[in-house]
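Chains as they are written, first to last, in our numbering: chain S, 1 to 257; chain C, 258 to 522; chain D, 523 to 787; chain X, 788 to 1073. Take a look at the structure set out below.
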Amino acid sequence: MLHANSAVRIFVPLLSFIILAAIYVARQRSLFIRRIYGLTAIEEAVGRATEMGRPMLGVPGLGGIDIVTLQAVAILAYVARIGCRYRTPLLVPVADTTLLPLMQETLQDVYVSEGKPELFDPENVRFLSNRQFSFAAAVAGTILRERTAACFYFGLFYAEALIFSEVGQQIGAIQIAGTPSTLQIPFFIATCDYVIIGDEFYAASAYLTREPVLLGSIIGQDLCKLLLILGVLVGIVVASIWPIYLPLIKSFLLGAG
Amino acid sequence: MSLSSWIVQNQNTLYLLVGAFATLGLYSVLYRENRLYRLCEHIFLGVATGYAVAFTWNNVLEPYWFQPMWDKGEWWLAVLLFPGLLYYCVFSKTYNWMARLIIGFYMGIAAGQGFQAFVNDLWPQIAQSFRPLWPHAAYAATPTHKAVPAVTLPQAFANFLFLVILLCVLTYFFFAFEQKNRAVRGASQVGRWVMMLSFGAIFGLTMMARLALLIDRMYFLLFEVGALPWLHTPSGRPSWVIFGILMGLVVLVLVLAHFNKPDRV
Amino acid sequence: MGLWSGFFHPVHSKTLLALYIAGVLFACLVLFLVLQLIPVPARRHVIRFVTFLGGLFYALEFFLPVAKSGPHADQNVLTPYTTAFGNISQAIVGFTIGLGVINLFQVHLGRLVKRSSDAMFSLAFFLSFLAMFLVSLWHHSHPNALSRALNHILFDGLLQSLDATMFSLIAFYIASAAYRAFRVRSLEATILLVTALVVMLGQIPVGTYLTHTFPAPLRVENIRNWILTQANVAVIRAIAFGLDIGALAMSLRIWLGLERGNYFD
Amino acid sequence: MLRLLQSLDRRYLYALLLLSVTLPFFVPFQLPVAVTPATKKLYDAIERLPANSFVLVGVDWSAGSRGENRPQTEMILRHLMARHLRFAILAFSDPQGATLGEELAKEIAPQYGYVEGVNWVNFGYRVDMVNWLKAFIQNVPQQVKTDVRGVPVANLPVMQGIRTARDIAMAIDITPTASYQYYIQFLTQPLHMPLGVGLTAVMAPEAYNYVDSGQLVGMMAGLTGAAEYQALFARQYDPRLPLHSRVNAYSNANSIAHLLIITFILLGNVAMFLERRGRLRATRRG
């Protein structure tokens, strides 16, 4: 679909309104969200690295500045914050040149806000390569040479995911991964200690920081999902009872703008 | 014979030797991190970066920027250098905030494109979920003149299963409440099980694609490199010499691994 | 880049062109210094505004109504500019390749200067970088027999081989990951294991041969297809629903400047 | 023994895997093959084509999926040549496709006495698939203009009687991507032309829907599909082919490697069970 049709013009603003309204409500009073298992393990992983006196590794995936990678940056910033408290450095290899300044800025902010700007070493954030497999080769090399004790993989991953997560597993690092690339989740499950699945990834920064805006957003997303389920059920009822109207609904949803 | 004509004449041999070196060098990491792997890794970084820079110039900056600006005289394109160089402000303490201007602009672009991506990904999936739960005959005449195919009993049953799986998995992904209710907890648990079913399937599915890559690499070594004239391989047959070298390396690695225990830190 | 040609006219004399470009660059410098005059507290709002502007173009282009017929069918006022906008933003991003190169050079020059134990590898990095970079540029602008041969050796022989080898390395890792992880430890792990095995058997001739006398629904390739086309689709769709909504929410927060936490405060 | 299996150095697994993918190249053997219906349908569709028909072969793969797609392409080309059908190679997804298809065709052509330009032609790599196909339907020689060698296709003997795409008897697309769906939408469905595909194992499940609905006349799925196709082909045309063919070597290597990994997974589990039981007994005695 190149342009919005009427269904899009009705439903996207409606969904957006729900999310924004939930954010507004969340600013007034505190809201609850459930436990996300992989994320509770971050502190444990940082603790392990600190005990062993080894650095940690955080890979923000292959994406550039996009929605998924920004979320990944937020999660890695949290990891760096915990690491900063324990004086355990986080190595961040990036695969996109525009992400390099963003990542450096973010980590510097973290160290400044924790009151330890002197601990921040810009060389910990490194551009390696924007080519998928040379990036993978270099990350694998980094893991093996630095013997990173904890590895965090958050962001967009493709086939290369298995290369570094398996290498990390082989040297016995504690590993936590989360990605919206559903096809890579099986490989993370086979190699990592904790994996967060699907949109737990988007819920992560809300869960970690407890920012009202982010919590509200999560509640809004839940309401949107309820609405989606309702829509699917309505469609199923129509398809079952009045099948001749099914093409009408489909063309309303999918017709050209 | 000059060097350049020698290179041109022997380019295929050089191509094969370089390829064989790259293959064995990277595979050496299967034993452990070592100097050969590190060399290959750095060469890989070097050629990949060199290629990326040349590619950016050849395919992006030259055709979209330099050529129109310098050859066609479109001088106003010089202004693009400004936002491009703003990124480099990140290296300065005073001007550092200006890098955020351009980074913010691109974040905005990503967010703006998000609407179209959202609709194009989600809408068809919603429409395809409208599946009848009981059988019916085919209809030719509908308000939009599109025929509706018949639905058989097994299809209807499959559709029912589809709905159940969809709802169970979605239940797992609700965050707003503790999953205390038994029905909710049960649905969410089933949701996790079917997710594992799906993930196992994806794992198995990917196996063939990855093995095919390995087989193809072996074909490269045994047949293409094996066809080098001084190996005296009969044409169309794999090279025993290369096979011998490979197996020799394998035995060497196994013996070394037995005595060195490379996994111990 | 037809975006501005309506307002400006190309200049064809090279001297004049150089002057014009210098003028543009000077104007950019002035703009840069003016931007620096923005008081610190206001900068955040400027960045937010720029972010909003970046998103506005694509959002409006998607949502504004389009002509139903005529020469501009399926277009609205902004559609004709998408190509130019895309090219411009690609060119701007093109300038950032230098950021990566500077970063790589900092690291490897540092190692060379310090003559650390890894200096040799940094040297290999620089040599391969230069070789690939120069050959690519040369081959693009003035191709001849030698440049073609060198490109063949470096690009097809080295870079492609390194790529293919690293990719095929996954075959080894997928095997060891499967061996280690697929154990009957819990119900979830068992489901993962069993479906992976069924799918693997269903995609090799021996597997299909084992069950080819069974009734159709029990043949291993049909079970594999059922898992992959029925259960798998439902699971992936349910996950996609949540992911898409999550991405929409994130887009909204960034676009409207609501995002909180690191970097955004 | 138990201890060994439980904590087996992964390098032994790697070594066995390497052995299992190289040995089949040296030691030809034949594993039993059961032909699945989808492959049989594709084979029969080509068998049904009238003599001297013209077939379009989309070679939309590159080095990344060569291991799976090349054997499939090889079998299709062999079958077309054995039946003395004319064919054209065409690539959309990747410029490499046209080159790889050409190399392959030239490798097998002598065995069947095929001559480029007379029996087959390479249309080369084309961009903008959708719009290209729209113009291609109307006038084939005018849209193609020249083949990869730069020879105008209108004068080639192989193109005799081919004016519009309606004169093409069948299309086949071999691809690791969704390019075959564009063939369905913009070429074969509008013209009611049969379309067969060779797909990587990853892409195959999705395509079964199209086989069911008849939009695809048949398909080969991954290496296994190629091996099944070869079994069918050998039965009819060349019984001696399979043993030494590359398709067979690839497929054998794939099967053995799969079986090796399956065996290892099972052994790992057996060892875990036995060890668990042993541990239980030990605690009871204690």
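Here a beta-carbon is modelled for each residue, glycine too, at the ideal position from N, C-alpha and C. From a predicted model like this one, the values you see are computed outputs, not experimental measurements.
Per-residue contacts from Ala1013 (chain X) into chain D (C-beta, under 9 angstroms):
As a position in the fourth sequence, residue 1013 (chain X) is number 226, starting the count at 1. Going along chain D, no residue has its Cβ under 9 angstroms from Ala1013 (chain X), so there is no contact; the nearest lies around 10 angstroms.
Taking 7 angstroms as the cut-off, does the CB of Ile36 (chain S) come closer than this to any heavy atom belonging to the ligand SAM?
Inclusion of the ligand SAM in the displayed structure is not the case, the ligand content being empty and no account of it being possible.
CB contact check: His1045 (chain X) to chain D, cutoff 8 angstroms
Numbered from its first residue, the fourth sequence carries residue 1045 (chain X) at position 258. So yes, His1045 (chain X) belongs to the interface.
Can you tell which of S:Tyr245, S:Ile196, S:Ile36 and S:Ala45 has the C-alpha that lies nearest to the C-alpha of Ala398 (chain C)?
Locating residue 398 (chain C) in the second sequence gives position 141, counting from the first residue. Closest by alpha carbon: S:Tyr245.
For chain D, check one thing: does any of its Cβ atoms lie closer than 8 angstroms to the Cβ of Cys84 (chain S)?
In the first sequence, counting from the first residue as 1, residue 84 (chain S) sits at position 84. Residue contact with chain D for Cys84 (chain S): absent (no Cβ-Cβ distance below 8 angstroms to any residue of chain D).
Taking the C-alpha atoms as reference points, what is the distance between Ala340 (chain C) and Leu943 (chain X)?
Against the second sequence, residue 340 (chain C) aligns to sequence position 83. Against the fourth sequence, residue 943 (chain X) aligns to sequence position 156. It should be noted that the sequence gives Pro, not Ala, for residue 340 (chain C). Rounded to the nearest angstrom, the two C-alpha atoms are 53 angstroms apart.
Below 8 angstroms on the Cβ atoms is my contact criterion, and I expect Ser217 (chain S) with Ala22 (chain S) to pass it. Report the Cβ-Cβ distance as a whole number of Å.
In the first sequence, residue 217 (chain S) corresponds to position 217, counting from 1. In the first sequence, residue 22 (chain S) corresponds to position 22, counting from 1. Indeed they touch by this definition, with Cβ atoms about 7 angstroms apart.
Run down chain D in chain order and give the residues with a C-beta less than 9 angstroms from the C-beta of Met1059 (chain X).
In the fourth sequence, the residue the question calls residue 1059 (chain X) occupies position 272. Ordered by position in chain D, the residues that pass the 9 angstroms Cβ test against Met1059 (chain X) are Arg705, Val706 and Arg707.
Mind checking the segment 813 to 824 of chain X against chain D and listing, in chain order, the residues whose C-beta falls within less than 7 angstroms of any C-beta there?
Of all residues in the segment 813 to 824 of chain X, only Leu818, Pro819, Val820, Ala821 and Thr823 place a beta-carbon less than 7 angstroms from a beta-carbon of chain D.
Kindly list the residues whose CB is nearer than 6 angstroms to the CB of Val522 (chain C), restricted to its own chain and excluding five residues on each side of it in sequence; keep chain order.
Here residue 522 (chain C) refers to the residue found at position 265 of the second sequence. Note on Val522 (chain C): pLDDT 47, under 50, position unreliable in the model; the coordinate value appears next. Taking C-beta separations shorter than 6 angstroms and ignoring five residues to either side along the sequence, Val522 (chain C) has no partners in its chain.
Along the segment 949 to 973 of chain X, where does the CB come closer than 8 angstroms to a CB of chain D? Name the residues.
Here the close residues number zero.
Chain S contact for Leu468 (chain C) (CB, 8 angstroms cutoff):
Locating residue 468 (chain C) in the second sequence gives position 211, where the first residue counts as 1. Between Leu468 (chain C) and chain S, the shortest Cβ-Cβ separation is not below 8 angstroms.
Got a sec: is the Cβ-Cβ distance from Arg798 (chain X) to anything in chain C below 8 angstroms?
Counting from one through the fourth sequence, the residue named residue 798 (chain X) turns up at place 11. Interface residue, yes.
Nearest neighbour of Gly545 (chain D), chosen from C:Ala335, C:Trp263 and C:Val421 [CA to CA]
Working through the third sequence from its first residue, we reach residue 545 (chain D) at position 23. Relative to the Cα of Gly545 (chain D), the nearest Cα in the group C:Ala335, C:Trp263 and C:Val421 belongs to C:Ala335.
Indicate whether Val482 (chain C) and Leu273 (chain C) have their beta-carbon atoms separated by less than 8 angstroms.
Here residue 482 (chain C) corresponds to residue number 225 of the second sequence, with the count starting at 1. Here residue 273 (chain C) corresponds to residue number 16 of the second sequence, with the count starting at 1. Yes, the Cβ-Cβ distance between Val482 (chain C) and Leu273 (chain C) is below 8 angstroms.
What span of residues does the beta strand (DSSP E) with Tyr194 (chain S) cover, start to end?
Locating residue 194 (chain S) in the first sequence gives position 194, counting from the first residue. Element bounds for Tyr194 (chain S): Tyr194 to Ile196.
Determine the extent of the alpha helix (DSSP H) in which Ile264 (chain C) is found, giving its start and end residues.
The count along the second sequence starts at 1 and reaches residue 264 (chain C) at position 7. Leu260 to Gln266 is the span of the alpha helix (DSSP H), which, as asked, contains Ile264 (chain C).
Hey, Val110 (chain S) and Arg87 (chain S) are a contact pair by Cβ (cut 8 angstroms); roughly how many whole angstroms apart?
Sequence index remark: in the first sequence, residue 110 (chain S) carries index 110 (1-based). Sequence index remark: in the first sequence, residue 87 (chain S) carries index 87 (1-based). Between Arg87 (chain S) and Val110 (chain S) the Cβ distance is about 13 angstroms, and since that is not below 8 angstroms, they are no contact.
Touch test, the segment 757 to 776 of chain D against the segment 554 to 566 of chain D, Cβ-Cβ under 8 angstroms, three pairs minimum:
Too few Cβ pairs lie closer than 8 angstroms, so no.
Any beta carbon of chain D sitting closer than 8 angstroms to that of Thr88 (chain S)?
By 1-based counting over the first sequence, the position of residue 88 (chain S) is 88. No, no contact with chain D.
If you compare alpha carbons, which of X:Gly1055, X:Leu1003, X:Val822 and X:Leu829 is closest to Thr735 (chain D)?
In the third sequence, the residue the question calls residue 735 (chain D) occupies position 213. Cα-wise, what sits closest to Thr735 (chain D) is X:Val822.
In chain A, which residues lie less than 7 angstroms from Val8 (chain S) when you measure between Cβ atoms?
Going by chain labels, chain A is absent from the structure shown, which instead holds the protein chains S, C, D and X.
Per DSSP, which one or two residues make a beta bridge with His393 (chain C)?
Taking the first residue of the second sequence as position 1, residue 393 (chain C) is located at position 136. DSSP, once it has assigned bridges, lists C:Val408 as partnering His393 (chain C).
Taking the alpha-carbon positions, what's the Pro186 (chain S) to Gly592 (chain D) distance?
Position 186 of the first sequence, counting from 1, holds the residue named residue 186 (chain S). Position 70 of the third sequence, counting from 1, holds the residue named residue 592 (chain D). Taking the straight line from one Cα to the other gives about 50 angstroms.
Whole-angstrom distance between Ile761 (chain D) and Phe616 (chain D), CA atom to CA atom:
Here residue 616 (chain D) refers to the residue found at position 94 of the third sequence. Here residue 761 (chain D) refers to the residue found at position 239 of the third sequence. Correcting the residue identity first, residue 616 (chain D) is Gly in this sequence and not Phe. Distance between the alpha carbons of Gly616 (chain D) and Ile761 (chain D): 34 angstroms.
Report, in whole angstroms, the separation of the C-beta atoms of Phe188 (chain S) and Val195 (chain S), which I expect to be a contact under 8 angstroms.
Translated into positions along the first sequence, residue 188 (chain S) becomes position 188. Translated into positions along the first sequence, residue 195 (chain S) becomes position 195. About 5 angstroms separates the two Cβ atoms, so the contact holds.
When C:Ile366, C:Arg289, C:Ile359 and C:Val376 are compared against Gly255 (chain S), the one with the closest alpha-carbon
Here the question's residue 255 (chain S) lines up with position 255 in the first sequence. The residue with the shortest Cα to Cα distance from Gly255 (chain S) is C:Val376.
Partner residues on chain S for Leu626 (chain D), Cβ-Cβ distance less than 9 angstroms
Looking up residue 626 (chain D) in the third sequence gives position 104. Correct list: Arg126, Phe127, Leu128 and Ser129.
Determine contact between the segment 117 to 131 of chain S and the segment 646 to 658 of chain D, defined as no fewer than three beta-carbon pairs at a distance below 8 angstroms.
Taking 8 angstroms as the limit for Cβ pairs, the verdict is that the segment 646 to 658 of chain D does not touch the segment 117 to 131 of chain S.
Please list the partners that Thr98 (chain S) has in chain D, where partner means a Cβ-to-Cβ separation under 7 angstroms.
Taking the first sequence and counting its residues from 1, one reaches residue 98 (chain S) at position 98. Within chain D, the residues near Thr98 (chain S) are Val615 and Thr618.
Could you tell me which whole beta strand (DSSP E) segments of length 3 or greater appear in the segment 937 to 990 of chain X?
Within the segment 937 to 990 of chain X, the complete beta strand (DSSP E) runs of at least 3 residues are 957 to 962 and 982 to 986.
Determine the burial state of Asp847 (chain X): buried for a count of at least 16 other Cβ atoms within 10 Å of its Cβ, exposed for fewer.
Against the fourth sequence, residue 847 (chain X) aligns to sequence position 60. Buried, because 16 or more other Cβ atoms sit within 10 Å of the Cβ of Asp847 (chain X).
Taking three-plus beta-carbon pairs below 8 angstroms as touching, is the segment 664 to 675 of chain D in contact with the segment 125 to 138 of chain S?
In the pairwise beta carbon analysis, the segment 664 to 675 of chain D is classified as not touching the segment 125 to 138 of chain S: fewer than three pairs are separated by under 8 angstroms.
Residues that DSSP places opposite Gln175 (chain S) in a beta bridge:
Here residue 175 (chain S) corresponds to residue number 175 of the first sequence, with the count starting at 1. Beta-bridge pairing links Gln175 (chain S) to S:Cys151.
Among S:Thr106, S:Ala140 and S:Lys116, the one whose alpha carbon lies nearest that of Val125 (chain S)
Here the question's residue 125 (chain S) lines up with position 125 in the first sequence. Among S:Thr106, S:Ala140 and S:Lys116, the Cα nearest to that of Val125 (chain S) belongs to S:Thr106.
Show which residues of chain D have a CB atom less than 7 angstroms away from the CB atom of Met258 (chain C).
By 1-based counting over the second sequence, the position of residue 258 (chain C) is 1. What Met258 (chain C) touches in chain D: nothing, since even the nearest Cβ is about 13 angstroms away.
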